[in-house]
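Visitor:
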Amino acid sequence: MEKSDVRSLYLLAAFLVCAYSLPFLIGIQFGTVRADEQWFAYLATVVFAGILQGGVYAMFAVGLTLIFGVMRIINAAHGEMVMMGAYLTWVAFFYLGVDPLLALVFTLPIAFLLGVALQKVLLNAVVGQPELTALLVTFGLGLTMIYVAELIFTTDFRTIPYAPQTVQVTRTIAVGQNKLISFVMAVSISAAVYLFLKFSRLGKAIRATALNAEVAMVCGINVQRIYLVTTGIAVALAVAGGALVSIQFGFNPETGVVYTLQAFAIVILGGRGHYVGALIGGLMLAVLENLVSLMIPNGTAAVELAAYGLMIFVLLIRPGGLMGVKEA
Amino acid sequence: MATHEHVRNVLLLAALAVVLAVLPPALSVYLKSFVMFTMMYVVLALSWNIISGFTGYTSFGHVAFYGIGAYTCAVLVADHGWHWISTLVVAAALAVVVAVAIGYPVLRLKGPYFAIAMLGTAEGTRVVVTVWDSLTHGGLGISFPSVENSLETYYAMLVVMLMTILVAYIVGHSRFGIRLNAIREDEGAAEVLGINATAYKLAAFALSAMFPAVAGGIQAYKVLYIDPPSVFFVQITIAMALMSMLGGKGTVIGPVVGAVLLYSAQELTWVNFPTAHLIAYGLFIIVIARFMPRGLIGFAIDRGWVRKGMVH
Amino acid sequence: MGPVTAADIALDIRDLRKAFGGVRAVDGCTLAFPRGKISGLIGPNGSGKTTTFNLLTGVAMPDSGQIFYKGEDLAGMKPYQVFRRGITRTFQVTRVFREMTVLENMLCVTALNVSERVARARAYELIDFVSLTRLRGEYAGRLSYGQQKLLEFARALMTDPEVILLDEPAAGVNRTLLQDLLAHIHGLQERGKTIVIVEHDMNVIMNHCARIFVMDYGVKIAEGPPAEIQKDERVIEAYFGRRRG
Ligand SMILES: Nc1ncnc2c1ncn2[C@@H]1O[C@H](COP(=O)(O)OP(=O)(O)O)[C@@H](O)[C@H]1O
Ligand SMILES: [Mg+2]
């Protein structure tokens, strides 16, 4: 590690400490921090719920980071793919009467194929182009998805009532059953993808391509096929994320934008293209968001600011993120 | 470029100015506002092009400056009783200050990182404006005292557009401009050849922030009501980028042509196909970016109608 | 040739160091390039020549050491600051501005306070010199590699610099153009310029340099006029003795 590298890591750590203490300081200012037993129970619940939520964030952020790592493309439609996953689940639940988790069995292959098609039709043409091209293409795709969704589903907020009971985890911490289930699902799916990337031939080829596409090509890896698989997996992860989001929160066609930005923030925080980084980043963002919403009045706006703020400061302090991925 | 070409181009611009100046009496209210908004998009696309086309730093959050301009005008007029024209000067100055303050750290980032950081900056600015309700009235937005202003705003926008075109033209045919190009092509090599990239990028960024702020101010006064989602709308940034790309980014004429074409096309589809137009727009973005990233000017250059480069 | 005295030294490099992670690319290198002469900087691949140029021109930050030029230490300056003091360079792998025309590549180098007329006259003259006249309005990215090398060389001369660092100027340039190039380099030297050439073509080095510096593993291992260097045991050893992959 070079000296400047170590220094930026310390700076980043210092920044994160500040970022996490800020909600407490503001909370003290506004009197939302009470330091009694009940409040500590809230705090514990919020942190625990944050971790659960972070697992889901991390999962769909991995999709974004995979595409970015392998092709250097920012998929500005990633959040819309999450939104698509939510609607697919909703349709399966209300019209076909399929259990949201069971629905994954057929939504994920569909999503994978959609990803492959997306890669063939659009993304192959923008690999290696200036960033604006990819940004515009995927943004246009996102817009199209939003408006098609509005045409079909209107802008009404939808929810899926699923496993609404609360579970008493410890004496003080109680969370929704749906949150626990989502977390378990997200962790299993993330772990499966991780094992796939780590140990399978194809997974290794994907990682090799992310490190250096040219070298991978020389080593006989069919880079075109890697791109197809990568985008397939990425879209599948987004759709899985959508399914897990849909059983916890309301959604409408425009909610995707928020997920895109959260995923950006997570990818930047963890280090682009870095799998474990995305997992850590996901947990950190979700916990921070929950702390903010617990302690800062005018919650939603402040929660959004948390993601943007985290993203921008990490970019400025250490563009490689926690994992110190070197600038391309 | 030979002097006579500059003279010809300036005369062309003057002719355009005269035509647009005498036009309003012949225009319906609707057409007047249509021309005004077309001019506004010329301003936006040309300005975006200075930092992103000439200098190669893709600003994916340029709407921030437009929004700042709109809010400066609205707050000063509605809450402090200023004359709206004088607020435009403040809007321009504020945009330059913000551009330098943000640009100094953010312009160190490259490629997609800069693009994302600017996207975050714009969204962050929107959230701050929403939260800071003692100044901005938050999510409620700000209304202006209702007045008939279509002629005033038309002429104001005309003046701003002419200024923007002139500035872009001067930048685009000067060594300042090709030094920006050099930064776009290879920043490291440019620095080795004596170009203080940090200073040039900041100058380009400030310049590209100024006119959108003024346009935002005029627009706010024209529509008489603004709120954060409408003036910090991501799609305004997209429009700037897409218009530049459609005409040909990194040129002077490209963004002008792109803005006129795209805004007209949008207006036509919007009027005729109110539901389908948004979907069509999304698809249109995809098609332009996918199939003609070099824009119309690229076709013209390939066929030898237009010379390569900005300086000849 | 007699010993070099302080007054004759253009660039005085002392104990320069730069490491990339574990790789000590330049490892305590001390070099004194004579003023108004053509010097050769040679050494096996990876011996730190390009890195030395990068440190001299502010492209990379030295970990330690000094670079004295006209009594000033250049170490740690920004590239454009070094350039303004009259030091310019070319790159081993060409870095022309690809989507700018040949003329624009030349013009962007001159500072804005130089008049347009003067800048153009100079650009035209240098473009003619490297025989790119017909390609003046062509994108630099469309030029052949050899032509790009020539453009880069011409570009480096736009501001009439004092010190010119050339990183493998001959690679990919055809023989006749190379002779012209060398003639021009001599012309520059006769006008008092200091030139340092990194080159693998030993004919170029041995026939055109007044003094040769040899690097290996980031340090200078030998220095002297061509005739001495050709016989130097350490140099032969560095080049042929033990080679790494
Ligand atoms: N930016 C860099 N990052 C990491 N290693 C580098 C970098 N630049 C040079 N090196 C390493 O430093 C050593 C010297 O390289 P260089 O100066 O290019 O040698 P030369 O020009 O003599 O062939 C090599 O081992 C090279 O791999
Ligand atoms: Mg070298």
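Residue numbers (this note's numbering), protein chains in the order written: chain U, 910 to 1237; chain P, 12 to 323; chain V, 8 to 252. In this text, a Cβ means the ideal position worked out from N, Cα and C, and glycines have one as well. Note that the structure is predicted; figures quoted are calculated from it, not measured.
Helix or strand or just coil, what does DSSP make of SER154 (chain P)?
Guide: Strand.
Visitor: Quick check on ASP313 (chain P) - is its C-beta less than 9 Å from some C-beta in chain V?
Guide: No - not a single Cβ of chain V is within 9 Å of the one on ASP313 (chain P).
Visitor: Contact criterion: CB-CB distance below 9 Å. Does GLY194 (chain V) meet it with respect to chain P?
Guide: GLY194 (chain V) does not count as touching chain P.
Visitor: So which residues on chain V does MET321 (chain P) lean against when the C-beta distance must stay under 9 Å?
Guide: Going along chain V in sequence order, the residues near MET321 (chain P) (Cβ under 9 Å) are MET107, THR108 and GLU111.
Visitor: Take LEU1188 (chain U) and list the residues in its own chain whose beta-carbon comes closer than 6 Å to its own, dropping the five residues that flank it on each side.
Guide: ALA967, listed in sequence order.
Visitor: With a 10 Å radius around its C-beta and 16 neighbouring C-beta atoms as the bar for buried, classify ARG251 (chain V) as buried or exposed.
Guide: Confidence in ARG251 (chain V) is poor, its pLDDT being 48 and thus under 50, which makes the residue's placement too unreliable to answer from.
Visitor: Taking the alpha-carbon positions, what's the GLU106 (chain V) to TYR1004 (chain U) distance?
Guide: Taking the straight line joining both Cα atoms gives about 55 Å.
Visitor: Applying a beta-carbon distance threshold of less than 8 Å, which residues of chain P neighbour THR1 (chain V)?
Guide: The requested residue 1 (chain V) is not part of the displayed model; chain V covers only 8 to 252.
Visitor: Can a CB atom of chain P be found closer than 9 Å to the CB of VAL66 (chain V)?
Guide: It does: the Cβ of VAL66 (chain V) has a partner Cβ on chain P nearer than 9 Å.
Visitor: Below 8 Å on the Cβ atoms is my contact criterion, and I expect LYS156 (chain V) with VAL180 (chain V) to pass it. Report the Cβ-Cβ distance as a whole number of Å.
Guide: Rounded, the Cβ-Cβ distance is 5 Å, consistent with contact.
Visitor: Please confirm whether any heavy atom of ligand 1 lies closer than 8 Å to the CB of ASN61 (chain V).
Guide: Flag set: Cβ of ASN61 (chain V) near ligand 1.
Visitor: Scan the segment 144–168 of chain V and note each continuous alpha helix (DSSP H) run of 4 residues or more that stays entirely inside, going in chain order.
Guide: Within the segment 144–168 of chain V, the complete alpha helix (DSSP H) runs of at least 4 residues are 152–163.
Visitor: Can you list the residues near ligand 2, meaning Cβ strictly closer than 7 Å to any non-hydrogen atom, in the order they appear in the chain?
Guide: Cβ-based neighbours of ligand 2 within the cut-off: V:LYS56, V:THR57, V:GLN99, V:ASP174, V:GLU175 and V:VAL205.
Visitor: Take every Cβ of the segment 26–36 of chain P, pair it with every Cβ of the segment 231–251 of chain P, and state whether three or more of those distances are shorter than 8 Å.
Guide: Contact between the segment 26–36 of chain P and the segment 231–251 of chain P is absent, because fewer than three Cβ pairs lie under 8 Å.
Visitor: Taking beta-carbon pairs under 7 Å, can you tell me which members of the segment 189–203 of chain P lie near chain V?
Guide: Listed in sequence order: ILE189, ARG190, ASN192, ALA193, GLU196, ASP197, GLY199, ALA200, GLU202 and VAL203.
Visitor: Does any residue of chain P bring its CB to less than 9 Å from the CB of ASP1038 (chain U)?
Guide: Inspection of the sequence shows that residue 1038 (chain U) is occupied by Gln rather than by Asp. Interface residue, yes.
Visitor: Express the C-alpha separation of GLY988 (chain U) and SER1109 (chain U) in angstroms, rounding to a whole number.
Guide: Approximately 28 Å, taken between the alpha carbons.
Visitor: Helix, strand or coil for TYR236 (chain P) per DSSP?
Guide: In this structure, TYR236 (chain P) counts as strand in the three-state DSSP scheme.
Visitor: Can you tell which of V:PRO69, V:SER138 and V:GLY55 has the C-alpha that lies nearest to the C-alpha of GLN99 (chain V)?
Guide: If we check each option's Cα against that of GLN99 (chain V), V:GLY55 comes out closest.
Visitor: Based on Cα-Cα distance, which residue from V:LEU63, V:ARG102 and V:GLY43 lies nearest to TYR152 (chain V)?
Guide: Minimum Cα distance to TYR152 (chain V) is reached at V:ARG102.
Visitor: Please tell me whether, using a cut-off of 8 Å, the distance from the CB of SER54 (chain V) to the nearest non-hydrogen atom of ligand 1 is below it.
Guide: Yes.
Visitor: Quick one: grab the DSSP three-state call for PRO41 (chain V).
Guide: PRO41 (chain V): strand per DSSP, three-state reduction.
Visitor: So, is the C-beta of PRO1228 (chain U) closer than 9 Å to a C-beta in chain P?
Guide: Yes, PRO1228 (chain U) counts as interfacial toward chain P.
Visitor: Determine the burial state of SER1155 (chain U): buried for a count of at least 16 other Cβ atoms within 10 Å of its Cβ, exposed for fewer.
Guide: SER1155 (chain U) should be labelled buried.
Visitor: Of all the CB atoms in chain V, is at least one closer than 9 Å to the CB of TRP183 (chain P)?
Guide: Sequence check: residue 183 (chain P) is Gly here, not Trp. Chain V contact via Cβ: absent.
Visitor: Expressed to the nearest angstrom, what Euclidean distance is found between the alpha-carbon atoms of ALA1072 (chain U) and GLY1191 (chain U)?
Guide: Going by the C-alpha atoms only, they are around 24 Å apart.
Visitor: Can ILE228 (chain V) and GLY47 (chain V) be called in contact, C-beta distance under 9 Å?
Guide: No, they are not a contact pair.
Visitor: On the CB-based measure, 16 or more other CB atoms within 10 Å of its CB, does GLU96 (chain V) come out buried or exposed?
Guide: Just to set this straight, residue 96 (chain V) is Arg in the shown sequence, not Glu. Buried: at least 16 other Cβ atoms inside 10 Å.
Visitor: Mapping DSSP to helix, strand and coil, what is TYR77 (chain P)?
Guide: Correct three-state label for TYR77 (chain P): helix.
Visitor: Determine the DSSP secondary structure at ALA26 (chain V), reduced to helix, strand or coil.
Guide: Of the three classes helix, strand and coil, the one that applies to ALA26 (chain V) here is strand, per DSSP.
Visitor: Report, in whole angstroms, the separation of the C-beta atoms of ILE127 (chain P) and ILE1177 (chain U), which I expect to be a contact under 8 Å.
Guide: At roughly 7 Å, the Cβ-Cβ gap stays under 8 Å, so ILE127 (chain P) and ILE1177 (chain U) are in contact.
Visitor: Any chance you could list the alpha helix (DSSP H) runs of at least 4 consecutive residues sitting entirely within the segment 57–133 of chain P, in chain order?
Guide: Complete alpha helix (DSSP H) runs here, min 4: 74–85 and 95–117.
Visitor: The beta strand (DSSP E) spanning SER71 (chain V) covers which residue range?
Guide: First-last of the beta strand (DSSP E) with SER71 (chain V): 71–76.
Visitor: Within 8 Å: the Cβ of PRO51 (chain V) and any heavy atom of ligand 1?
Guide: True, at least one ligand heavy atom lies under 8 Å from that Cβ.
Visitor: With distances taken between CB atoms, is the gap from ARG21 (chain V) to GLN73 (chain V) smaller than 9 Å?
Guide: Yes. Within cutoff.
Visitor: Could you tell me the distance, in whole angstroms, from the CA atom of TYR274 (chain P) to the CA atom of ILE1175 (chain U)?
Guide: Going by the C-alpha atoms only, they are around 35 Å apart.
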